[in-house]
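Here is the structure we will look at.
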Amino acid sequence: MVERLPSSGGTLIQTPRENRPLERMLADEWQMLEGDGRPSRAGATEVPGHIALIEAAVAQNEEAAFAESQENLSFALGVRFRRTGERDVRDDKQRARALFEQQMHRLARVSGAQFETLRGQLRDLPFVPDPHLLIRQTQMSAGHAALVVAAWLADGGLDAGTRKRLRKTLDELTSSETWAIEAFAALECGGGQSPGMALLQQLKSLFRQSQGTQRSLTQWFDECRRFAQRRARLRALMQALGLELGAQQADADTQHLAAVVDDLRRVVLFLTLESACEQSAQAMRSAGCRAFETDTMIAEVLTLLDQPWAGAEWLAQRAAYLGMVTVDARYALARELTRLVKAAHEGCFRDETQRETLGEALDVWRTEIAQEGDAP
Numbered sequence: 001m002v003e004r005l006p007s008s009g010g011t012l013i014q015t016p017r018e019n020r021p022l023e024r025m026l027a028d029e030w031q032m033l034e035g036d037g038r039p040s041r042a043g044a045t046e047v048p049g050h051i052a053l054i055e056a057a058v059a060q061n062e063e064a065a066f067a068e069s070q071e072n073l074s075f076a077l078g079v080r081f082r083r084t085g086e087r088d089v090r091d092d093k094q095r096a097r098a099l100f101e102q103q104m105h106r107l108a109r110v111s112g113a114q115f116e117t118l119r120g121q122l123r124d125l126p127f128v129p130d131p132h133l134l135i136r137q138t139q140m141s142a143g144h145a146a147l148v149v150a151a152w153l154a155d156g157g158l159d160a161g162t163r164k165r166l167r168k169t170l171d172e173l174t175s176s177e178t179w180a181i182e183a184f185a186a187l188e189c190g191g192g193q194s195p196g197m198a199l200l201q202q203l204k205s206l207f208r209q210s211q212g213t214q215r216s217l218t219q220w221f222d223e224c225r226r227f228a229q230r231r232a233r234l235r236a237l238m239q240a241l242g243l244e245l246g247a248q249q250a251d252a253d254t255q256h257l258a259a260v261v262d263d264l265r266r267v268v269l270f271l272t273l274e275s276a277c278e279q280s281a282q283a284m285r286s287a288g289c290r291a292f293e294t295d296t297m298i299a300e301v302l303t304l305l306d307q308p309w310a311g312a313e314w315l316a317q318r319a320a321y322l323g324m325v326t327v328d329a330r331y332a333l334a335r336e337l338t339r340l341v342k343a344a345h346e347g348c349f350r351d352e353t354q355r356e357t358l359g360e361a362l363d364v365w366r367t368e369i370a371q372e373g374d375a376p
């Protein structure tokens with residue numbers, strides 16, 4: 001039996017006009033956390049969501065050269081999130097919680113049905129004296145519970161006492177190191193439900209790579225390509241990293257900030273590689289390989305980049321392994337691999353000579369295929 005507190009009023013979802021006080025409160029809190037110390041003025045522009053900027057950086061990098069992506073992403077994210085000057089800012093965890101609450105409030109305005117479903121997972125949460133007790137009974141992870149609490153806080157109809165109680169609960173739930181990845185995994189991969197331990201372990205193995213043993217870029221890419229629901233999982237990872245970056249202080253530790261940007265850069269680079277391989281796979285299908293998939297091209301590129309040495313003979317063996325018999329199919333593969341190797345980020349190569357070595361091998365193989373096609 002859940003003990004419920006007496007309610008001073010309903011918690012009906014408010015109209016946009018009625019929600020303005022909640023928007024103002026969130027904006028004022030962020031202004032205080034930024035160190036300004038002054039409430040935001042009426043009509044002030046709402047701080048743009050950190051995810052919108054990250055997604056813009058991804059879209060931009062899909063059209064940019066791989067070699068420029070490091071500078072583009074570092075600049076775009078760093079300028080947006082690092083405030084210059086000496087400021088009296090609070091703990092990063094409190095800033096992350098405030099930014100998370102802001103983001104959930106924005107999402108609730110465009111995904112009302114999804115957030116109502118989230119609230120339904122803990123329907124009695126606003127009415128119990130001990131929200132933590134109710135959460136423990138559900139055995140939710142801290143991040144999943146934080147997502148549900150934030151969904152309730154996005155309801156502009158809560159009274160001040162309930163909001164204070166839930167805010168305190170959210171502060172406690174967001175004190176762990178992995179709450180953000182748990183929250184966004186539930187939101188993006190689980191439809192608001194717990195995504196399961198296996199998925200969480202996969203995401204956590206990629207989250208904050210620079211704090212542990214650093215895998216090569218190609219090894220990291222290879223793990224990403226094996227994900228089911230790959231886009232949803234990478235989006236969850238990107239949101240968690242973006243939240244961490246957005247919560248950094250103006251005088252944040254440079255090494256830590258660089259590590260977060262590096263992790264975000266890896267996600268962007270993989271999405272860029274995926275986009276390029278999708279175009280190459282389409283070219284392969286046009287050359288007669290009707291069943292050639294994007295994932296096959298990603299795997300072939302990573303296999304090639306992982307070779308300490310690869311000549312024309314090795315490349316011909318790979319084509320045979322893929323069942324490519326016709327001259328047109330093999331030539332198309334050689335052409336697309338050449339294009340992808342030329343475009344690949346420098347971090348994908350073992351050393352500064354590998355790109356050139358692979359390019360020469362592909363040129364030799366492509367010439368051999370062309371000569372075979374010209375033979376009577």
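Residue numbers (UniProt numbering): 1 to 376. A virtual CB, placed ideally from N, CA and C, is assigned to each residue, including glycine. Predicted, not measured: the structure shown is a model, and the values here were computed from it.
**OP:** In the DSSP assignment, find the unbroken alpha helix (DSSP H) run with M140 in it and report its ends.
**Re:** Here M140 belongs to no alpha helix (DSSP H), and DSSP marks it neither H nor E.
Subject >> Three-state secondary structure assigned by DSSP to Q307 >> reply: Coil, per DSSP.
**OP:** Please state if the CB of L99 and the CB of G143 are separated by a distance shorter than 9 Å.
**Re:** Not a contact, by the Cβ cut-off of 9 Å.
Original post:
Within this structure, are the beta carbons of A160 and L118 separated by less than 9 Å?
Top reply: No, they are not a contact pair.
Original post:
Which one of L243, A332, A312, D263 has the shortest CA to CA distance from Q102?
Top reply: Minimum Cα distance to Q102 is reached at L243.
Subject >> CA-to-CA distance, Y331 to L315, given in whole angstroms >> reply: Near 11 Å, if we compare the C-alpha coordinates of Y331 and L315.
Original post:
Should Q219 go down as buried or exposed, given a rule of 16 or more other Cβ atoms within 10 Å for buried?
Top reply: Residue environment: Q219 is assigned as exposed (fewer than 16 neighbouring CB atoms within 10 Å of its CB, all protein chains considered).
Original post:
How many angstroms separate the CA atom of T272 from the CA atom of Q307?
Top reply: Computed Cα separation, rounded: 22 Å.
**OP:** Using three-state DSSP, classify C289 as helix, strand or coil.
**Re:** The answer is coil: DSSP assigns C289 none of H, G, I, E or B.
Subject >> Local conformation of D159 per DSSP, three classes >> reply: Residue state for D159 is assigned as coil, using DSSP reduced to three classes.
Subject >> For E63, the three-state DSSP class (helix, strand or coil) >> reply: At E63 the pLDDT is 45, less than 50, meaning the model places this residue with poor confidence and gives no usable figure here.
Original post:
For P126, which of helix, strand or coil comes out of DSSP?
Top reply: Residue state, collapsed to three classes: helix.
**OP:** Mind checking which residues open and close the alpha helix (DSSP H) that includes V364?
**Re:** Here the alpha helix (DSSP H) through V364 covers 354-374.
**OP:** Could you pull out every residue in the same chain whose Cβ sits closer than 6 Å to the Cβ of M140, ignoring the five residues on either side in sequence?
**Re:** So the list is empty, once near-sequence residues are dropped.
**OP:** To the nearest angstrom, report how far apart R290 and M284 are at their CA atoms.
**Re:** In this structure, the CA atom of R290 is about 8 Å from the CA atom of M284.
Subject >> Of the listed residues A287, V148, F184, F127, nearest to T162 (C-alpha basis) >> reply: Measuring from the Cα of T162, the nearest candidate turns out to be F127.
Original post:
Mind checking V156: buried by the 16 CB within 10 Å criterion, or exposed?
Top reply: Correcting the residue identity first, residue 156 is Gly in this sequence and not Val. Buried, by the Cβ-count rule.
Subject >> Cutoff 7 Å; reference F292; Cβ partners in own chain excluding five residues on either side >> reply: If we look at F292 and ignore the five residues flanking it on each side, its Cβ neighbours are A281, M284, R285.
Original post:
Less than 9 Å separating the beta-carbons of T169 and P131?
Top reply: For T169 and P131, yes; Cβs fall inside 9 Å.
Subject >> Pick from I369, F184, G311 that is closest to Q354, judged by C-alpha positions >> reply: Among I369, F184, G311, the Cα nearest to that of Q354 is on G311.
Subject >> Q202 burial status per 10 Å Cβ neighbour count (16 or more: buried) >> reply: Its Cβ being crowded by 16 or more others within 10 Å, Q202 is buried.
**OP:** Pull up the distance between the alpha-carbon of G120 and that of V260, whole angstroms please.
**Re:** A straight line joining the alpha-carbon of G120 with that of V260 spans about 34 Å.
Original post:
Which one of L133, L358, H105 has the shortest CA to CA distance from residue 408?
Top reply: Because residue 408 is not part of the residues shown, which for the chain are 1 to 376, the question remains open.
Original post:
D363 and T338: beta carbons closer than 9 Å?
Top reply: Yes, the pair counts as a contact, with Cβ atoms nearer than the cut-off.
Original post:
Is the distance from the Cβ of S194 to the Cβ of A183 below 9 Å?
Top reply: Contact flag unset, no.
Original post:
Any idea what DSSP makes of G191, helix, strand or coil?
Top reply: Reduced to three states, the DSSP call for G191 is coil.
Original post:
If you follow the alpha helix (DSSP H) that C224 is part of, which residue opens it and which one closes it?
Top reply: Segment 217-225, the alpha helix (DSSP H) holding C224.
**OP:** Look at the alpha carbon of L200 and the alpha carbon of Q317, and state the distance between them as a whole number of angstroms.
**Re:** Per the coordinates, the alpha-carbon of L200 lies some 38 Å from the alpha-carbon of Q317.
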